[in-house]
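Participant:
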Amino acid sequence: MNNHSNLEKSLKPAPFGYKWQGNMLVLDELEAPVRKLMYELFFRHQRKKTVARLLNESGYHTRNSALFSDSTVERILRDTSAKGVFQSSQNGKTKEIQIEPIVSKELWEQVNSILNQETKPLKKTVHLFAGLVFCGCGGRMSVPSNSPKYICQNCRHKIGTDDLEEIFREHLKGFPVSETEPETLFDYWQSLTKDDKRTIIEQLVERIVVGAGDIRIEFGVSPNSLKTMAFGQQAGEILSEPETEAESSETFREEKSQTANLTEPLMNEVAAARFLGISRMTLLRRRNAGEIRFFRVGFRVLYSKEKHLLPFLETCERETGKE
9 MNNHSNLEKS
19 LKPAPFGYKW
29 QGNMLVLDEL
39 EAPVRKLMYE
49 LFFRHQRKKT
59 VARLLNESGY
69 HTRNSALFSD
79 STVERILRDT
89 SAKGVFQSSQ
99 NGKTKEIQIE
109 PIVSKELWEQ
119 VNSILNQETK
129 PLKKTVHLFA
139 GLVFCGCGGR
149 MSVPSNSPKY
159 ICQNCRHKIG
169 TDDLEEIFRE
179 HLKGFPVSET
189 EPETLFDYWQ
199 SLTKDDKRTI
209 IEQLVERIVV
219 GAGDIRIEFG
229 VSPNSLKTMA
239 FGQQAGEILS
249 EPETEAESSE
259 TFREEKSQTA
269 NLTEPLMNEV
279 AAARFLGISR
289 MTLLRRRNAG
299 EIRFFRVGFR
309 VLYSKEKHLL
319 PFLETCERET
329 GKE
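Sequence positions in the sequence shown follow my numbering and run 9 to 331.
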């Protein structure tokens, strides 16, 4: 084990998992096992936030007694000292000094290969569960072009994209929309846009493991924390209606700003469909076609009788009259 200068020792703290002993870096008996665990957890779960959460829940903390964050986890995982290579800077030059490793070179490189994949420019997500689905054999599952199934890259095990979404939706029965309403996220799922669905999935799911006889969905948050974690909006705040180019005028913006002063109770999808005398699925189709407008409150879709439903009925009556 090589010696280090007293100057470097005084200027540069020891990496997490190590401590200075004289002029040498040696393993810290308390931190080194935590750092080793960090690599093992990341290699297993492949998500920095998951590693940070598991470490915090186990009672571990940083050298400054703070909670681990995903950025702290990434910084430590990328540090080469864990594989036995300490980067020493002297006189403006970087020198590699061999020290006792905490993990094998192979594990360090596998972990950092995964981290490097995360930093590549991301394409727009095409499939709802992209990057989160794993096979029971340990391989990643993805959807090839023009395929309706997630397929394991190792053993070719498959599951339909629609089947996986329906299984996930069933699990959402345990996630209430709010503390005051009996409806769950399951009830609203079909009315959400694809972007909204992906946002929820990213906040809720850590990974999905598709085994030969079962499917395990690992959630990273509790049902009661969904509202604040996934959207960060207060339940009573009216965000906006979908805006087109024609609606970007000052006149429209002024009209839209008045929506917060509505005194009439807003209807959910069940009540709105009942008022219009159509099925909920028909309501969804007409809304997606832009024929029925709506308010988005948090992730819920709500309707104003005056601004949304009556104008739609008037339009239908005019069309019927033309026939």
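Glycine included, each C-beta is placed from N, C-alpha and C at the ideal position.
Using three-state DSSP, classify C332 as helix, strand or coil.
Facilitator: A query on residue 332 cannot be resolved here, the shown segment of the chain reaching from 9 to 331 and no further.
Participant: In angstroms, rounded to a whole number, what distance separates the CA positions of L115 and E104?
Facilitator: Going from the Cα of L115 to the Cα of E104 covers about 19 Å.
Participant: Can you tell me whether S121 is helix, strand or coil according to DSSP?
Facilitator: If DSSP states are grouped into helix, strand and coil, S121 belongs with the helices.
Participant: Looking at E214 and T58, is the spacing between their C-beta atoms short of 8 Å?
Facilitator: In contact: T58 and E214 (Cβ atoms closer than 8 Å).
Participant: Taking 7 Å as the limit between beta carbons, can you name the residues of its chain near K27, skipping five residues before and five after?
Facilitator: Closer than 7 Å at the Cβ level, and outside the excluded window around K27, lie V34, D36.
Participant: Q106 lies in the beta strand (DSSP E); which residues open and close that run?
Facilitator: First-last of the beta strand (DSSP E) with Q106: 101-106.
Participant: On the DSSP bridge list, what partners appear for K166?
Facilitator: DSSP lists I159 as partners of K166.
Participant: Helix, strand or coil: which one does DSSP assign to S66?
Facilitator: Of the three classes helix, strand and coil, the one that applies to S66 here is coil, per DSSP.
Participant: Cutting at 7 Å between CB atoms, please list the residues of its own chain near L310, excluding the five before and the five after it.
Facilitator: Closer than 7 Å at the Cβ level, and outside the excluded window around L310, lie L274, M275, N276, F302, F303.
Participant: CB-CB under 6 Å to K44, same chain, minus the five flanking residues each way: which ones, in chain order?
Facilitator: Correct list, in chain order: I110, V111.
Participant: So the beta strand (DSSP E) M46 belongs to, where does it begin and stop?
Facilitator: From DSSP, M46 is part of no beta strand (DSSP E) but of the alpha helix (DSSP H) over 39-53.
Participant: Evaluate P184 with the Cβ neighbour count: other Cβ atoms within 10 Å of its Cβ, from every protein chain shown; 16 or more gives buried, anything less gives exposed.
Facilitator: By the 10 Å Cβ count, P184 comes out buried.
Participant: Taking DSSP's pairing of strands, which residues face K27 in a bridge?
Facilitator: In the DSSP output, where bridge partners are listed per residue, K27 has V34.
Participant: Name, in chain order, the residues that DSSP records as bridge partners for E226.
Facilitator: E226 pairs with R215.
Participant: What is the DSSP secondary structure of V93, reduced to helix, strand or coil?
Facilitator: Residue state, collapsed to three classes: strand.
Participant: Rounded to the nearest angstrom, what separates C163 and H316 at their Cα positions?
Facilitator: Using only the alpha carbons, I get a separation of about 51 Å.
Participant: In this structure, does DSSP put F303 in helix, strand or coil?
Facilitator: Residue state, collapsed to three classes: strand.
Participant: State the start and end residues of the unbroken alpha helix (DSSP H) segment that holds E82.
Facilitator: Element bounds for E82: 78-86.
Participant: Using a Cβ-Cβ cutoff of less than 6 Å, which residues in the same chain neighbour K205 once the five nearest sequence positions on both sides are dropped?
Facilitator: Here the set comprises L136.
Participant: Looking at C-alpha atoms only, which residue of L85, V134, Q198 is the closest neighbour of V278?
Facilitator: Checked all of L85, V134, Q198; the closest Cα to V278 is Q198.
Participant: Once you ignore the five residues that flank L180 on each side, which residues in its own chain have a CB closer than 8 Å to its CB?
Facilitator: For L180, where only same-chain residues beyond five positions count, the Cβ hits under 8 Å are T192, L193, F194, W197.
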